[in-house]
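Line by line, the protein sequences give chains A and B.
According to the working numbering, the first sequence is numbered sequentially starting from 12.
According to the working numbering, the second sequence is numbered sequentially starting from 12.
Cβ coordinates follow ideal geometry from the N, Cα and C atoms, glycine included.
This one's a predicted model, so the numbers in the text were calculated from it and none came from an experiment.
2 protein chains.
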Amino acid sequence: MILTVTLNTALDITYRVRSLRPHSSHRVTEVIERPGGKGLNVARVLAALGHEVTVTGFTGGATGRTVQERLTAVPGLVDALVPVTGPTRRTIAVVDERSGDTTQLNELGPTVTPAEWSAFQEAYEDLVPSVSAVALCGSLPPGVPVGAYAGLIRTAKAAGVPVLLDTSGEALRRGVAARPDILKPNAAELAELTGSHEPLRATQDARRRGARSVVASLGETGLIALTPVGCWRATPSAHLHGNPTGAGDSAVAGLLSGLVENLPWPDRVARAVALSAATVLSQVAGEFDHRAYKDLLGRVVADTV
Amino acid sequence: MILTVTLNTALDITYRVRSLRPHSSHRVTEVIERPGGKGLNVARVLAALGHEVTVTGFTGGATGRTVQERLTAVPGLVDALVPVTGPTRRTIAVVDERSGDTTQLNELGPTVTPAEWSAFQEAYEDLVPSVSAVALCGSLPPGVPVGAYAGLIRTAKAAGVPVLLDTSGEALRRGVAARPDILKPNAAELAELTGSHEPLRATQDARRRGARSVVASLGETGLIALTPVGCWRATPSAHLHGNPTGAGDSAVAGLLSGLVENLPWPDRVARAVALSAATVLSQVAGEFDHRAYKDLLGRVVADTV
């Protein structure tokens, strides 16, 4: 069982409109809804790979109930979300059919009270000892202390459970100091954390700040992994046309599944790149194309740096 | 008991953003949600005036549940919505803080099956005999026949219950031929129905098409009412600054409440204008300002045309 934590869960809604023009009225011709927030995306990919996953984080209000109903429908996924009074946020992606561009409207999420944060920590402490790995993913909702991930990392490490961190900004800075087993920043997060825009140097710097391993996702140029047993780089075999939404979350799922299956690092990195590329190639945002994944997995090779 | 029918109920969501720019990402700084659709708005105003109201129409999915939860919280309002498989629509009004302008995103609503439409008609036939007036309000969701309102008007008339129609386009054209007791078009609906942009002439034409009385809402110039017992006009006493959302629905509530209280026509028209103006003046879109209403009621006078 793998545990993914999504403190700021969401219902991701995609609206299709003919052409978005501010200050006018639009008919929404298509509505797609799915549970969102990075940890839920990671969990869905892990479940599709055949792993059992428990999801925790917060859920509140009518939107939270909708998220939970959708999660219950995913085979292999266990819902351990903790209730809060405030409503789970919605994110709305308005896709302009004419230009193909997307306009994003993001609610902030519930304001979590100190009592609700304590209740979450207790639930987390109860869950951690029985899982094989933990992923801490995404932004913090209002009210959750900025050092939240640092505490959750320490709890996992005290229980001897490997923990991966994928977040940004101050939550990332504070989290990495608590020495997660794997840090999975993208290029922008890495640059913000280290001040360096040179990927290899920035990855080395991030590792020196406390992470045991750092796997940086660099978009089209693939992944770079700095670990105690070596440094690898893997790149998708061809230029990818598609939607990059969720590609980073698929990479996290690839790394975690490889970890709990005790794969050697080069295989974990290759799997993460193949899953990530198969997500870009999928018709549905945030899902991965299973056939493309199988095909890419045989072709992606992690090279020693 | 008054019955309002809202075949295309909605959850009206208002988002506040700093400045809406297509193809970029926005933090939503405020979220307001309320049950919507014209008949639900009319019902809320009637309930605030102290009338007992039953609401019917369709409800579906998680959004429908949210609408029903909100309606249950309104004192004096009875929920008799009929379940459908498709989800109740959301409408999203994105308010740009900088310009004050609003961009509207409207979902289409559930597609109603023939069996669901039959179930609604049966529920409506059961409700009508025990009410003192019926209001048929708003657009038709996909799947409901365009002659729907004509049938519902005939049912009410057969039961001897007065019926008001407030809709647009082909549903209005077909509905008026079934001879509703009151037709409440706005200027645009009146022009579309009759081809005339001259309000008095268009109102007379609409009445000739079958309505017993026609009350046209003409925005800042108030109401014009053509009835079997006379013709009146009333105007708000001063130029109104505010949000006209829901002003027409408040006018319908004013007319209906006056009808069931057996007020003379001039008093009904004055009440409708005062309620409508108090809705424009309210801080909250679609609500009316009670103090302004009381004040205006003493000052608005309906003049014989």
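Step through the CB atoms of chain B and report whether any lies within less than 7 angstroms of the CB of A/Val295. no
Could you check what DSSP says for B/Glu80 in three-state terms: helix, strand or coil? helix
If I'm right that A/Val106 touches B/Leu116 with Cβ under 8 angstroms, what's the distance once you round it to whole angstroms? Actually they do not touch by this definition, with Cβ atoms about 12 angstroms apart.
Quick check: A/Leu88 and A/Ala58, are their CB atoms within less than 7 angstroms of each other? yes
Under a CB-based cut-off of 7 angstroms, is B/Pro33 close to chain A? yes
Taking any Cβ of chain B, which residues in the stretch 35-57 of chain A have a Cβ under 8 angstroms from it, in chain order? Ser35, Ser36, His37, Arg38, Val39, Thr40, Val42
When DSSP labels each residue in this structure, what does B/Pro46 get in the three-state scheme? strand
Listed from N- to C-terminal order along the chain, which residues in the stretch 116-131 of chain B have their beta-carbon within a distance smaller than 7 angstroms of any beta-carbon of chain A? Leu116, Asn117, Glu118, Leu119
Does A/Tyr304 come within less than 7 angstroms of chain B when only Cβ atoms are used? no
Check B/Ser224 in the structure and name its three-state DSSP category. strand
Just the chain B side, please: which residues come within less than 8 angstroms of A/Asp107 by C-beta, in chain order? Pro33, His34
Within the continuous alpha helix (DSSP H) that includes A/Ala213, where are the two ends? 210-219
Assigned exposure category for A/Val316 - 16 Cβ within 10 Å defines buried: exposed
Three-state class that DSSP yields for A/His250 in the structure shown: coil
CB-CB under 8 angstroms to A/Gln79, same chain, minus the five flanking residues each way: which ones, in chain order? Thr70, Asp90, Leu92
Measure the alpha-carbon distance for B/Ala199 versus B/Thr214 and round it to whole angstroms. 12 angstroms
Spell out the partners DSSP gives B/Ile164 in its beta bridges. In DSSP, B/Ile164 forms no bridge with anything.
For a contact defined as C-beta to C-beta under 9 angstroms, what are the partners of B/Asp90 on chain A? Chain A residues near B/Asp90: none, gap ~16 angstroms exceeds 9 angstroms.
B/Gln115 bridges to which residues according to DSSP? A/Ser36, B/Ala104
Cβ pair B/Gly186, B/Ser228 closer than 7 angstroms: no
Going by CA-CA distance only, name the one from B/Ala159, B/Pro277, B/Ala54 that's closest to B/Val312. B/Pro277
Can you tell me which residues form a DSSP beta bridge with A/Leu147? A/Val16, A/Leu176
Against chain A, with Cβ distances strictly below 7 angstroms, would B/Ala73 count as a contact? yes
Are three or more beta carbon pairs between the stretch 260-271 of chain B and the stretch 48-64 of chain B nearer than 8 angstroms? yes
If you reduce the DSSP assignment to three classes, tell me which class B/Phe69 lands in. strand
From B/Gly241 to B/Asp192, what distance separates their C-alpha atoms? 15 angstroms
A/Leu211 versus B/Thr113: straight-line alpha-carbon distance, rounded: 46 angstroms
From B/Thr178 to A/Arg76, what does the alpha carbon distance come to, in whole angstroms? 34 angstroms
Should A/Thr96 be labelled buried (16 or more other beta-carbon atoms within 10 Å of its own) or exposed? exposed
Quick one, are the C-beta atoms of A/Thr99 and A/Thr25 less than 7 angstroms apart? no
Identify which residue in B/Val284, B/Gly68, B/Ala169 has its Cα closest to the Cα of B/Pro121. B/Gly68
Grab me the residues of B/Ala161's own chain with a C-beta within less than 7 angstroms of its C-beta, minus the 5 sequence neighbours each way, in chain order. Arg185, Gly186, Ala188, Ala189
Helix, strand or coil: which one does DSSP assign to B/Asn52? helix
What is the residue span of the alpha helix (DSSP H) that A/Ala199 lies within? 198-205
Let's test the definition: count the other Cβ atoms within 10 Å of the Cβ of A/Ile13 and tell me whether it reaches 16, buried, or not, exposed. buried
Nearest-angstrom Cα distance between A/Pro255 and B/Ser35? 16 angstroms
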